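A.B. asks: Protein chains in written order, with the working numbering: chain A, 19 to 291; chain B, 1178 to 1434.
Positions of the beta carbon are idealized from the N, C-alpha and C atoms, including for glycine.
None of these values were measured; they are calculated from a predicted model.
This is the structure I have questions about; it appears just below.
Here it is as C-alpha cells:
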C-alpha cells in the first residue's frame, strides 16, 4: 500500500515538545467556518516539516490541505489527537491521508464532549468557586489556589496527552503493518467519523424560520412544520447543498459570501432568525 | 485616568490572549476582575466583585460552536465601574452583564473575520511551504486581544455609555445577520469535510449519525459508542466476506511500510 520511497524521518521528543508549546496558542484563529483548522495545522507544523522534508511540493501541499479541513474539539483534549496524527503522518505519510482525516474527525467529537463536561463544567467550576469563596472575603489566597488547582490538571493533560497519543499511535501502527488491516481500519475510522459528523450537524448548524402563518385561525410557525417533517431538516439540506457545491468545484469563498449575504438579507426580512 | 485606562486595557488584552491561547484561567472573571482591582488601586474590592461575577458565570464557557457572553470584557469593566463608581459589586454586576453581551457581538465579528485567514491559507497551501503557513494562524491573536482591549480602554476612559453609542453605529440587521450566518457557516465546514470523506458508499452512516442525534438526541459521546459498534460490525461482515487473513504477529520483521 505504501510505495513512496523516502528516508523515514523520525519524530523525537523535541518535536512533541514543540507541539506542546504551539498548543498554547490553540484558539487564536478560531473561525465560524472550519473552527480550529489553522490551529491544528499550526501545531502539526514542526512534525510535518520534518516528515516531508525531502518530498515534492505537491506532496507537501496535500499534507497541508489535509490539516486545513474542519476541526473542532476541546482545546485541551486536542492533545491526544495531535499525538496520534503525528504518529500516523510519520508512519503512513500521505498514503494514510484518508485514515488521518477520518481519525481526526472520529476523535474530535467524543473528546470535545469529554473535555467540555470534565474540564469546563466540572473541574473549572470546582477550582473557581473555591477561589471565589476566599476572594469574596478579600483573601488573595483564593487566586493562587484556583490558579494552581486548575492548571495542575490542565497543563499535564496537554503535555502527556500529546505523548500518550503519539506513543499509542506508533505502537498501534507497528502492530498493523499489514496494508490490508490499515485499509480496514481506515474504513472503520471513516464510518465512525461519518456518524459523528452526521450527529454534529443538528448540534452545530443552527438555522430557524420564525415566520408565523395563520391557517383557519390556527397560528403555526413554519419552523414547527419543518420540525414535523424532520428535526434539523434545514441544517441537513444546507450542509448537503454546501457538499454538492464543493464537489462541483465551486470555490468555498463564493459559498461563504453567499451564506453571509443570504443570512443578512433573509434575516432582515424576517425569514430567518 | 489615561494611565489607568491603558493599564486595564493591556490587562484585558492579556486576558483575551489567555482565552485564545493557553487558557490557564486568567480569562475567568475571578482573575480578570481581581487584577483589574489591583490596577485601579483597590485589590480587595476588586476580588469581592470578581468573586461575585465568577459565581454568576461559572458555567459560561464556549462549548462547540457556541460563542458565550464575553466574560473577559464583562468582568473587567464590571469590576472597574464597581470600583470607580464606589458602588461595589451591585454596580459591577449591573454593568458586567450588558457589557458581556455587547462584547459577544464583537467576538462574533472577530470569529467571522478569521474565516478570511482560512481562505488565505487555502491559497498559500499550494506553495507547499510549511513555514509560510504559521503566520495565518498567528495573525488572529493580536486581533483577538484588540477585540477586548479597545472597548475596555474606551469604556474606562470615556465611560460605558460611549461604548454603547459606538456599537449603535453598526446597523442592527447587520449584526443579527452575522449572528444567523454564524449559525449556518459550520454547514460549509462540514460540507468541505464530507467532500473529503464521502468517497465510498458510506453515506448511509452519515445519515445514521444525523438521525440518531436529530430524533434520538443522542449526545456525541453516545454517538461515538454507536459509531465504534457499527464500525466493528461493518468490519466483521465485510472483512469476513473478503476472506482476509490477518496475522498481526507475522508483521515483526516487515519493512514494507
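#1: Grouping DSSP H, G and I as helix and E and B as strand, with all else coil, what is residue 1197 of chain B?
#2: Could you tell me which residues DSSP puts in a beta bridge with residue 49 of chain A?
#3: In the DSSP assignment, what residue or residues form a beta bridge with residue 1349 of chain B?
#4: Express the C-alpha separation of residue 155 of chain A and residue 1267 of chain B in angstroms, rounding to a whole number.
#5: Specify the secondary structure class of residue 1388 of chain B as computed by DSSP and reduced to three states.
#6: Between which two residues does the alpha helix (DSSP H) containing residue 1225 of chain B stretch?
#7: Can you find a C-beta in chain A that's less than 9 angstroms from the C-beta of residue 1411 of chain B?
#8: One question on the structure: do residue 1186 of chain B and residue 1217 of chain B come within less than 9 angstroms of each other, judged by their Cβ atoms?
#9: Where does residue 1420 of chain B sit, in a helix, a strand or coil, going by DSSP?
#10: For residue 204 of chain A, count the other beta carbons within 10 Å of its own beta carbon; 16 or more makes it buried, fewer makes it exposed. Which is it?
#11: Once the 5 residues before and after residue 1435 of chain B are set aside, which same chain residues still bring their CB inside 7 angstroms of it?
#12: How many Å lie between residue 83 of chain A and residue 274 of chain A at the Cα?
#13: Against residue 1205 of chain B, what residues of chain A qualify as contacts under a CB-to-CB distance less than 7 angstroms, listed in chain order?
#14: Residue 1249 of chain B: which of B:1183, B:1211 and B:1409 sits nearest, CA to CA?
#15: What residues from chain A crowd round residue 1379 of chain B, counting only those whose CB sits closer than 7 angstroms?
#16: Please report the residue range of the alpha helix (DSSP H) in which residue 1329 of chain B lies.
#17: Under DSSP, the alpha helix (DSSP H) around residue 273 of chain A begins and ends at which residues?
#18: From residue 189 of chain A to residue 1289 of chain B, what does the alpha carbon distance come to, in whole angstroms?
#19: If you pair each beta-carbon of the region 110-126 of chain A with each one of the region 75-82 of chain A, do three or more pairs fall below 8 angstroms?
#20: Between A:277, A:36, A:262 and A:226, which lies nearest to residue 252 of chain A when the distance is taken from Cα to Cα?
#21: Any Cβ of chain B within less than 9 angstroms of the Cβ of residue 283 of chain A?
#22: Quick check on residue 291 of chain A: does DSSP put it in helix, strand or coil?
#23: Are at least three pairs of beta-carbons, each pair with one atom in the region 173-192 of chain A and one in the region 1379-1386 of chain B, less than 8 angstroms apart?
#24: Against residue 1288 of chain B, what residues of chain A qualify as contacts under a CB-to-CB distance less than 7 angstroms, listed in chain order?
#25: Show which residues of chain A have a CB atom less than 8 angstroms away from the CB atom of residue 1324 of chain B.
C.D. replies: Quick look at the numbers:
#1: For the purposes of this step, residue 1197 of chain B is taken as residue 20 along the second chain, with counting starting at 1. Three-state DSSP puts residue 1197 of chain B in coil, outside helix and strand.
#2: Here residue 49 of chain A corresponds to residue number 31 of the first chain, with the count starting at 1. Answer is A:53, bridged to residue 49 of chain A.
#3: Residue mapping note: residue 1349 of chain B aligns to position 172 of the second chain, counting from 1. According to DSSP, residue 1349 of chain B bridges with nothing at all.
#4: Numbered from 1 along the second chain, position 90 holds the residue referred to as residue 1267 of chain B. Numbered from 1 along the first chain, position 137 holds the residue referred to as residue 155 of chain A. So the alpha carbons of these two residues sit roughly 16 angstroms apart.
#5: In the second chain, counting from the first residue as 1, residue 1388 of chain B sits at position 211. Three-state result, residue 1388 of chain B: helix.
#6: Working through the second chain from its first residue, we reach residue 1225 of chain B at position 48. Run containing residue 1225 of chain B: 1220-1233, per the alpha helix (DSSP H) assignment.
#7: The sequence position of residue 1411 of chain B within the second chain is 234, counting from 1. So yes, residue 1411 of chain B belongs to the interface.
#8: In the second chain, residue 1186 of chain B corresponds to position 9, counting from 1. In the second chain, residue 1217 of chain B corresponds to position 40, counting from 1. For residue 1186 of chain B and residue 1217 of chain B, no; Cβs fall outside 9 angstroms.
#9: What you label residue 1420 of chain B is simply residue 243 of the second chain in a count that begins at 1. With a pLDDT of 41 at residue 1420 of chain B, under the threshold of 50, the modelled position of that residue is not reliable, and the figure given next carries that caveat. Note: residue 1420 of chain B maps to coil in three-state DSSP.
#10: Taking the first residue of the first chain as position 1, residue 204 of chain A is located at position 186. So residue 204 of chain A ends up on the buried side.
#11: Residue coverage of chain B in this structure runs from 1178 to 1434, which leaves residue 1435 of chain B outside it and unanswerable.
#12: Against the first chain, residue 83 of chain A aligns to sequence position 65. Against the first chain, residue 274 of chain A aligns to sequence position 256. C-alpha separation (whole angstroms): 18 angstroms.
#13: Residue mapping note: residue 1205 of chain B aligns to position 28 of the second chain, counting from 1. Result: 146.
#14: Along the second chain, one-based indexing puts residue 1249 of chain B at 72. Residue 1249 of chain B has its Cα closest to that of B:1211, out of B:1183, B:1211 and B:1409.
#15: Mapped onto the second chain, residue 1379 of chain B falls at position 202. The answer, in chain order, is 208, 209 and 212.
#16: Counting from 1 along the second chain, the entry for residue 1329 of chain B is found at position 152. Residues 1317-1335.
#17: Translated into the one-based positions of the first chain, residue 273 of chain A becomes position 255. That run of the alpha helix (DSSP H) goes 270-286.
#18: For the purposes of this step, residue 189 of chain A is taken as residue 171 along the first chain, with counting starting at 1. For the purposes of this step, residue 1289 of chain B is taken as residue 112 along the second chain, with counting starting at 1. Their Cα atoms are separated by approximately 40 angstroms.
#19: yes
#20: If you number the first chain from 1, residue 252 of chain A lands on position 234. Taking the Cα of residue 252 of chain A as reference, the smallest distance to any Cα among A:277, A:36, A:262 and A:226 is reached at A:226.
#21: Walking along the first chain from the start, residue 283 of chain A turns up at place 265. Judged by the 9 angstroms Cβ criterion, residue 283 of chain A is in contact with chain B.
#22: Looking up residue 291 of chain A in the first chain gives position 273. Coil, per DSSP.
#23: no
#24: Numbered from 1 along the second chain, position 111 holds the residue referred to as residue 1288 of chain B. In chain order: 48, 49 and 50.
#25: Position 147 of the second chain, counted from the first residue, corresponds to residue 1324 of chain B. Correct list: empty, because the minimum Cβ distance to chain A is about 12 angstroms.
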